[in-house]
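Line order of the protein sequences matches chains A and B.
Each residue of the first sequence is one higher than the one before, starting from 55 at the first, in my numbering.
Each residue of the second sequence is one higher than the one before, starting from 55 at the first, in my numbering.
Encoded as structure tokens, the structure appears first; notes follow it.
2 protein chains.
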Amino acid sequence: MKKERLYLKIANIIEEQIANETLKFGDKLPSIRTVQKIYNVSMNTAKQAFLKLESKSLIEPRLREGYFVSNTSPRRFPLPSVGKLLSSPDEKPPDDLIDKVVSSMTSEGITRFSLGTPSASMLPTAKLNKGIFKKIRELNNSGTSYHPVQGSAYLRRMVSKWSMVYGGGLTENDLITTSGTMNALFHCLLAVSKPGDTMAVETPVFFGTIQIAKSLGLHVIEIPSHPLTGVDLAALKKVLHKITVCCFTTNFSNPLGSLMPDNHKKELVNMLAEYDIPLIEDDLYGNLFFGTERPKPCKIFDKAGIVMWCSSVSKTLAPGYRVGWVAPGRFKDKIMRHKLLQTISAPILYEEVIADFMEHGRYEHHLRNFRNRLYANCLHFQRAIEEYFPDNTKISQPQGGFVLWLELDERIDTAKLYDTAIRKNISFAPGRMFTLQERYHNCMRLSFALEWNDKLENDLKRLGRIVKNSL
Amino acid sequence: MKKERLYLKIANIIEEQIANETLKFGDKLPSIRTVQKIYNVSMNTAKQAFLKLESKSLIEPRLREGYFVSNTSPRRFPLPSVGKLLSSPDEKPPDDLIDKVVSSMTSEGITRFSLGTPSASMLPTAKLNKGIFKKIRELNNSGTSYHPVQGSAYLRRMVSKWSMVYGGGLTENDLITTSGTMNALFHCLLAVSKPGDTMAVETPVFFGTIQIAKSLGLHVIEIPSHPLTGVDLAALKKVLHKITVCCFTTNFSNPLGSLMPDNHKKELVNMLAEYDIPLIEDDLYGNLFFGTERPKPCKIFDKAGIVMWCSSVSKTLAPGYRVGWVAPGRFKDKIMRHKLLQTISAPILYEEVIADFMEHGRYEHHLRNFRNRLYANCLHFQRAIEEYFPDNTKISQPQGGFVLWLELDERIDTAKLYDTAIRKNISFAPGRMFTLQERYHNCMRLSFALEWNDKLENDLKRLGRIVKNSL
Numbered sequence: 055m056k057k058e059r060l061y062l063k064i065a066n067i068i069e070e071q072i073a074n075e076t077l078k079f080g081d082k083l084p085s086i087r088t089v090q091k092i093y094n095v096s097m098n099t100a101k102q103a104f105l106k107l108e109s110k111s112l113i114e115p116r117l118r119e120g121y122f123v124s125n126t127s128p129r130r131f132p133l134p135s136v137g138k139l140l141s142s143p144d145e146k147p148p149d150d151l152i153d154k155v156v157s158s159m160t161s162e163g164i165t166r167f168s169l170g171t172p173s174a175s176m177l178p179t180a181k182l183n184k185g186i187f188k189k190i191r192e193l194n195n196s197g198t199s200y201h202p203v204q205g206s207a208y209l210r211r212m213v214s215k216w217s218m219v220y221g222g223g224l225t226e227n228d229l230i231t232t233s234g235t236m237n238a239l240f241h242c243l244l245a246v247s248k249p250g251d252t253m254a255v256e257t258p259v260f261f262g263t264i265q266i267a268k269s270l271g272l273h274v275i276e277i278p279s280h281p282l283t284g285v286d287l288a289a290l291k292k293v294l295h296k297i298t299v300c301c302f303t304t305n306f307s308n309p310l311g312s313l314m315p316d317n318h319k320k321e322l323v324n325m326l327a328e329y330d331i332p333l334i335e336d337d338l339y340g341n342l343f344f345g346t347e348r349p350k351p352c353k354i355f356d357k358a359g360i361v362m363w364c365s366s367v368s369k370t371l372a373p374g375y376r377v378g379w380v381a382p383g384r385f386k387d388k389i390m391r392h393k394l395l396q397t398i399s400a401p402i403l404y405e406e407v408i409a410d411f412m413e414h415g416r417y418e419h420h421l422r423n424f425r426n427r428l429y430a431n432c433l434h435f436q437r438a439i440e441e442y443f444p445d446n447t448k449i450s451q452p453q454g455g456f457v458l459w460l461e462l463d464e465r466i467d468t469a470k471l472y473d474t475a476i477r478k479n480i481s482f483a484p485g486r487m488f489t490l491q492e493r494y495h496n497c498m499r500l501s502f503a504l505e506w507n508d509k510l511e512n513d514l515k516r517l518g519r520i521v522k523n524s525l
Numbered sequence: 055m056k057k058e059r060l061y062l063k064i065a066n067i068i069e070e071q072i073a074n075e076t077l078k079f080g081d082k083l084p085s086i087r088t089v090q091k092i093y094n095v096s097m098n099t100a101k102q103a104f105l106k107l108e109s110k111s112l113i114e115p116r117l118r119e120g121y122f123v124s125n126t127s128p129r130r131f132p133l134p135s136v137g138k139l140l141s142s143p144d145e146k147p148p149d150d151l152i153d154k155v156v157s158s159m160t161s162e163g164i165t166r167f168s169l170g171t172p173s174a175s176m177l178p179t180a181k182l183n184k185g186i187f188k189k190i191r192e193l194n195n196s197g198t199s200y201h202p203v204q205g206s207a208y209l210r211r212m213v214s215k216w217s218m219v220y221g222g223g224l225t226e227n228d229l230i231t232t233s234g235t236m237n238a239l240f241h242c243l244l245a246v247s248k249p250g251d252t253m254a255v256e257t258p259v260f261f262g263t264i265q266i267a268k269s270l271g272l273h274v275i276e277i278p279s280h281p282l283t284g285v286d287l288a289a290l291k292k293v294l295h296k297i298t299v300c301c302f303t304t305n306f307s308n309p310l311g312s313l314m315p316d317n318h319k320k321e322l323v324n325m326l327a328e329y330d331i332p333l334i335e336d337d338l339y340g341n342l343f344f345g346t347e348r349p350k351p352c353k354i355f356d357k358a359g360i361v362m363w364c365s366s367v368s369k370t371l372a373p374g375y376r377v378g379w380v381a382p383g384r385f386k387d388k389i390m391r392h393k394l395l396q397t398i399s400a401p402i403l404y405e406e407v408i409a410d411f412m413e414h415g416r417y418e419h420h421l422r423n424f425r426n427r428l429y430a431n432c433l434h435f436q437r438a439i440e441e442y443f444p445d446n447t448k449i450s451q452p453q454g455g456f457v458l459w460l461e462l463d464e465r466i467d468t469a470k471l472y473d474t475a476i477r478k479n480i481s482f483a484p485g486r487m488f489t490l491q492e493r494y495h496n497c498m499r500l501s502f503a504l505e506w507n508d509k510l511e512n513d514l515k516r517l518g519r520i521v522k523n524s525l
């Protein structure tokens, strides 16, 4: 056999395996070295076979993780619509709905597609515990004394080191630790706005962001956002003159899962710098990418110090630890003072445990596995929803994170549907939670950071039936 | 010997021991049972001897701790003056001075009379660590998951149980946990005030309280406060019409150490209820009493729900844990919402560790020893200051807590004196930190929650010399 034929033959065999679903989409392929040994060919031939398959979009590489079967089945369901630019003074905060759904999040015995954090079984709790035992022994006075208000230097050093991966270029002195990302957001808002000011957010947007804005007396403008590329910059530009501060999740927004392209990020930062409008960048999902590399934050395009980059380990390691941080650019002094006055000092134990976890490669190792599981779950969910939900369903195509946004038949009110579902021990997040305006009644957010198994698939099937029955 | 003579004879022997300083003031006397055995007399006779000594004010009982030698030496130094009612719009926040002094608090190698927390060596750190190891094993998901926003039910149950001791009558549902007392204060202020409102505080007052008020855009009225009995209610009454909220430390105010009598507390609460003015009661020193029983908080006189009772273990167990709580009366819902929005959830580990410490009697045991040490230190400090400081020094008579307030010759500027002292490795808190007005330049606060030993006495002597030299 000639060399060309050889690699084509191997590619054909694998293509056949994909076609007959011996290899399903989301599955990891054998490594190039394994293929080389199985077929007794050169490394080069094995590589060529993979490149051939990749060129046909049948498989896709992921950094340091090898090749995976792509989602080759044509999408049956289209993307959800883009929300309109709305800032009606006739806002209706969905507080009661949020309270109801949030209270269900701690109930046991129900399938919580409503969750905003990964299922505890997907987190490396035992390994983190080891870190606690170690750190209790190492910490000065075992952590019973006050700590510097800026937070653990060890954690700040690790986060700044980590930021190098995507060109962050932060130093430990650029960072302040916070009690999770929401707390970082709160500090940023307090530093740059006053009651009566206006904040721009994506739409749909995480409900906590609009609730915190309202609690501080801010107006909110919801900027149209594309399910794939995020904030519509042209729409934003139209209202810039009204805006005091922006708060965007450029990497895997919640609930859309959109990823703002780098050139948009750069344009956004330049535009805001020109108008001297601070940007709170909520980058808490950035490490949960499905692509080949960690997306960049806007922060790296920020020369004027207007970007306040916020992140945490709440979505990746331990929500309950409340370990987050902010790189607040030129607002650092103000935020340090607010943190000092509001809590004097933060408990340092968990910050040190996380830093230790990062330094010794455990965080990277966990993230690699976690991302694979999330991506596989995302594909499972999309397939199941295409199978069990009505034909006119629209569904997002997240490129990271762990939530899906569904747009259902417009006659459906998901707030009512929620009550039906919860009686059948299923919870989800109704669309109305993600806006201050009267819209998204027919939408829902589903978390896929849950253990995939037959029961879960059956629960999606049951949820699909509840949707169908409501029509 | 007749019975009368017998008890008198014993009383005389002990009186003699006190006179020749075999028993020094602050020392614990042998128990009544021991005295009974030593002198081979009846319990009753031993008791009568003690009563005789008590009637002469030579000894004093402390609840469940036995009898102690009283401070019988006449005070050489008078009490500090009472500050005037001031709310000049020409406020000068002492932020720079505070920053300077606070930054010295984490420096090693200097004697920190400036500290606002007990020396780590006086805290039961090893015992708390045991609690951590226990709780990590017991907690659901080891504490990595989100927790209910109201905070650990176990801690709230223990705090409410504890509150029974002084007639608190709180239930676990009346309480919300916070990240220390300052965080409780912040939540309370956010719930009941808006920028432009006016808050009344004691004078002198803890600098953190005025800084947090200014950061929220509040005006501050400093109410005259007596070094022994606290807030002057007549003075407060005069300005009630201007006030939105009061924030007082009725039990062992910082820096004066005053204790508001129960009838004042009752009058205060009734007066504020009549005007519908909320009271933030900062009761973080209440458990550190030198008298026979835990003083009551204003909260127990509160029928209208206007008192927000705040406390923590920052001054008694572990400042770095940031475990505090508030019983917010009728403002509970508002404060719960603020807490939710600002941090989603609080780490529960330390809250559970403290609850466990409380439940198993360890807190009470620690407090009993800690109070004895603090009281002895207070007497040591007062004696040393009378010996080493200028004759025109005035000094407070704290009835609990661990700070002394000194008023020096009015030509002295303690802010300048601070720079001299810090060069000689001694820090203290200059008086100007404790007011927004131009006053207390000649005052200083000294913490006595430090290990008493020859070095510490010598450092007080050196500080006295620095004061004398500056005249």
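We treat Cβ as the ideally placed atom computed from N, Cα and C, and that holds for glycine.
Using only CA atoms, which one of the options lies nearest to residue i?
i              : options                        : result
D410 (chain B) : B:R465, B:E162, B:L139, B:L182 : B:L182
N446 (chain A) : A:S399, A:N308, A:K522, A:H241 : A:K522
Q491 (chain A) : A:D144, A:Y339, A:M498, A:K82  : A:D144
S450 (chain A) : A:R425, A:R59, A:Q102, A:P281  : A:P281
T165 (chain A) : A:Y472, A:G378, A:G383         : A:Y472
I480 (chain B) : B:R519, B:R493, B:Q453, B:A65  : B:R519
D387 (chain A) : A:L244, A:L287, A:H273, A:M314 : A:L244
Taking 8 Å as the CB-CB cut-off, is residue i touching chain A?
i              : result
I389 (chain B) : no
L177 (chain B) : yes
I186 (chain B) : yes
T165 (chain B) : no
T231 (chain B) : no
H392 (chain B) : yes
R210 (chain B) : no
E505 (chain B) : no
A400 (chain B) : yes
A372 (chain B) : yes
Residue i lies in the beta strand (DSSP E); which residues open and close that run?
i              : result
W363 (chain B) : 361 to 366
W379 (chain B) : 378 to 381
I275 (chain B) : 273 to 280
R211 (chain A) : Segment 207 to 217 is the alpha helix (DSSP H) holding R211 (chain A); no beta strand (DSSP E) there.
C242 (chain B) : Unbroken run through C242 (chain B) is the alpha helix (DSSP H), 235 to 246; no beta strand (DSSP E).
Would you kindly check if the distance between the Cβ of residue j and the Cβ of residue i is under 8 Å?
i              : j              : result
I266 (chain B) : I297 (chain B) : no
E276 (chain B) : T257 (chain B) : yes
S312 (chain B) : G271 (chain B) : no
N305 (chain B) : P351 (chain B) : yes
L458 (chain B) : N341 (chain B) : no
Y375 (chain A) : Y404 (chain A) : yes
Taking only beta-carbon positions, decide if residue i is within less than 8 Å of chain B.
i              : result
L182 (chain A) : yes
A174 (chain A) : yes
I190 (chain A) : yes
A197 (chain A) : Contrary to the premise, residue 197 (chain A) reads as Gly rather than Ala in this sequence. So yes, G197 (chain A) belongs to the interface.
L395 (chain A) : yes
P202 (chain A) : yes
Going by the C-beta, is residue i closer than 7 Å to any heavy atom of the ligand SAM?
i              : result
G518 (chain B) : This structure does not include the ligand SAM; it has no bound ligands of any sort.
What first and last residue would you give for the alpha helix (DSSP H) that runs through residue i?
i              : result
L514 (chain B) : 508 to 523
A288 (chain A) : 287 to 293
In the region 73 to 148 of chain B, which residue ranges form an unbroken alpha helix (DSSP H) of at least 4 residues, counting only runs that do not cross its ends?
86 to 93, 97 to 109
Let me know the alpha helix (DSSP H) ranges lying completely inside the region 414 to 472 of chain B, each 4 residues or longer, listed in chain order.
416 to 442
Segments of 3+ residues assigned as beta strand (DSSP E) that fall wholly inside the region 170 to 196 of chain B:
none
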